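S.K.:
Residue numbers (my numbering): 254 to 598.
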């Protein structure tokens, strides 16, 4: 079997490449000329140079492959919605159209739980409700440009499915582990370990180990139904408990102060200014999401994909922390890795 992986030089895409190779796939990667290749060093890969915004460069990348694993997207666009849409949405459309013309047997679109929208704020003391695959986008685009672009990219996938493409969607939650190459300095794990995060915020999130994402992606390729989305998630937890776990693993001092969401919203105008003087556990562009509990259900993926997350979040934090110290290329084929992926599919 031969696969094309987009976004292969990134955290998730690189891990997908290693997972495919360990399962005996031939892997072709589609990347830009100046892409950082740290995560791909030593891997037996075929490289095709191009850009998702340039359709003519995509054609030779798709030719002759059995499956496309699309993990390419714009991650650092901030609030520039037009720029994010140009890469994440139009780029996905280009790839889908070419895959459809080439009669690719299977297309796995690596989206994000961000595409599901945001949870409804709840009164204090009310238990958060887990979002599932039926949750619809419900946020203003300018409040979350990345999530909105991911949602629009999924609409492109659905359009391609209606024209006959055998495509499935996976929605990873917050991914942790070794290889987060583009967040070596900005990772919250790094910040906590260095004592830069002094406060927490009243919010919740879902975390998952990178290796469980890889097994979930492969399970979606094998068992997923065309047009369906599958949430790949694991631990629902508060931001405060997450920060405490990082501090425990890294030997750092955990934040002692929890800021209520209402207070942060009251000082909205000063938030970005404050971020220059004190590191907060929420990026400025996610200000509007403070106080919400982004909890997710993985029941559909577990039931329909025969998939199960098997790695602890503590191990994900530890793997990330150790890798940040020595960010070298990662192994792609060991007996332990193979057994782990097979047992979780």
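No residue lacks a Cβ here, since even glycine has one placed at the ideal position from N, Cα and C.
Here the structure is a predicted model, which is why all the values come from computation and not from measurement.
1. Could you give the DSSP three-state label for residue 359: helix, strand or coil?
2. Assign residue 266 to one of three DSSP states: helix, strand, or coil.
3. Under the assumption that residue 455 contacts residue 512 (Cβ atoms under 8 angstroms), give the Cβ distance between them as a whole number of angstroms.
4. So residue 254 packs on residue 354, CB below 8 angstroms; how close in whole Å?
5. Using a Cβ-Cβ cutoff of less than 6 angstroms, which residues in the same chain neighbour residue 514 once the five nearest sequence positions on both sides are dropped?
6. Which value, in whole angstroms, describes the spacing of the CA atoms of residue 335 and residue 342?
7. Answer with buried or exposed for residue 379, where buried requires no fewer than 16 other C-beta atoms within 10 angstroms of its C-beta.
8. Does DSSP put residue 348 in a helix, a strand or coil?
9. Go ahead and pull the three-state DSSP assignment for residue 317.
10. Within a Cβ cutoff of 8 angstroms, which residues of the same chain sit near residue 287, ignoring the five residues on either side of it in sequence?
11. Does the Cβ of residue 259 have 16 or more other Cβ atoms within 10 Å, making it buried, or fewer, making it exposed?
12. When you compare the stretch 560-569 with the stretch 454-471, are there three or more beta-carbon pairs, one atom per stretch, that lie closer than 8 angstroms?
13. Would a C-beta distance cut-off of 9 angstroms place residue 441 and residue 473 closer than the cut-off?
14. Helix, strand or coil for residue 256? Go by DSSP, reduced to three states.
15. Taking DSSP as the reference, what is the three-state secondary structure of residue 462?
16. Is it buried or exposed, residue 333, if we count other Cβ atoms within 10 angstroms and call 16 or more buried?
17. What ranges does the alpha helix (DSSP H) occupy inside the stretch 371-416, keeping only unbroken runs of at least 4 residues that lie completely in it?
18. So, with DSSP's three-state summary, where would you put residue 453?
19. Apart from the five residues on each side of it in sequence, which residues of its chain come closer than 7 angstroms, Cβ to Cβ, to residue 445?
20. Candidates 484, 510 and 313: which alpha carbon is nearest residue 362's?
21. What does the alpha-carbon distance come out to for the pair residue 347 and residue 305?
22. Could you have a look at residue 587 and say whether DSSP puts it in helix, strand or coil?
M.R.: According to the structure shown:
1. Indexing the chain shown from 1 puts residue 359 at position 106. The answer is strand: DSSP assigns residue 359 an E or B state.
2. On the chain shown, position 13 is the one that residue 266 refers to. Helix.
3. Position 202 of the chain shown, counting from 1, holds the residue named residue 455. Position 259 of the chain shown, counting from 1, holds the residue named residue 512. Cβ atoms of residue 455 and residue 512 come within 8 angstroms of each other, at about 7 angstroms.
4. Walking along the chain shown from the start, residue 254 turns up at place 1. Walking along the chain shown from the start, residue 354 turns up at place 101. Rounded to whole angstroms, the Cβ separation of residue 254 and residue 354 is 20 angstroms, and the two are not in contact under 8 angstroms.
5. Taking the first residue of the chain shown as 1, we reach residue 514 at position 261. Taken in chain order, the residues that qualify are 455, 543 and 544.
6. Locating residue 335 in the chain shown gives position 82, where the first residue counts as 1. Locating residue 342 in the chain shown gives position 89, where the first residue counts as 1. The alpha-carbon atoms of residue 335 and residue 342 are separated by roughly 10 angstroms.
7. Numbered from 1 along the chain shown, position 126 holds the residue referred to as residue 379. Under the 10 Å beta carbon count, residue 379 is surrounded by fewer than 16 other beta carbons and is classified as exposed.
8. Walking along the chain shown from the start, residue 348 turns up at place 95. Note: residue 348 maps to helix in three-state DSSP.
9. On the chain shown, residue 317 is found 64 positions in, with the first residue counted as 1. Note: residue 317 maps to coil in three-state DSSP.
10. Within the chain shown, residue 287 is the residue found at index 34, counting from 1. For residue 287, same chain residues with a beta-carbon under 8 angstroms away, outside a window of 5 residues either side, do not exist.
11. Along the chain shown, read from residue 1 onward, the residue named residue 259 stands at position 6. Classification for residue 259: buried.
12. At 8 angstroms Cβ cutoff, the stretches touch.
13. Counting from 1 along the chain shown, the entry for residue 441 is found at position 188. Counting from 1 along the chain shown, the entry for residue 473 is found at position 220. Between residue 441 and residue 473, the C-beta gap is not smaller than 9 angstroms, which leaves the two residues out of contact.
14. Along the chain shown, one-based indexing puts residue 256 at 3. Residue state, collapsed to three classes: strand.
15. Your numbering for residue 462 matches position 209 in the chain shown. Here residue 462 sits in strand by DSSP.
16. Looking up residue 333 in the chain shown gives position 80. Residue 333 should be labelled exposed.
17. DSSP assignment within the stretch 371-416 yields the following whole alpha helix (DSSP H) runs of 4 residues or more, N-terminal first: 398-415.
18. As a first step, residue 453 must be located in the chain shown, where it is residue number 200. In the structure shown, residue 453 sits in a strand (DSSP, three-state: E or B).
19. Indexing the chain shown from 1 puts residue 445 at position 192. If we look at residue 445 and ignore the five residues flanking it on each side, its Cβ neighbours are 496, 499, 500, 503 and 505.
20. As a first step, residue 362 must be located in the chain shown, where it is residue number 109. Measuring from the Cα of residue 362, the nearest candidate turns out to be 484.
21. What you label residue 347 is simply residue 94 of the chain shown in a count that begins at 1. What you label residue 305 is simply residue 52 of the chain shown in a count that begins at 1. If I take the Cα positions, the gap works out to 7 angstroms.
22. Numbered from its first residue, the chain shown carries residue 587 at position 334. Only weak support exists for where residue 587 lies, its pLDDT of 39 falling under 50; the coordinates are left without a value.
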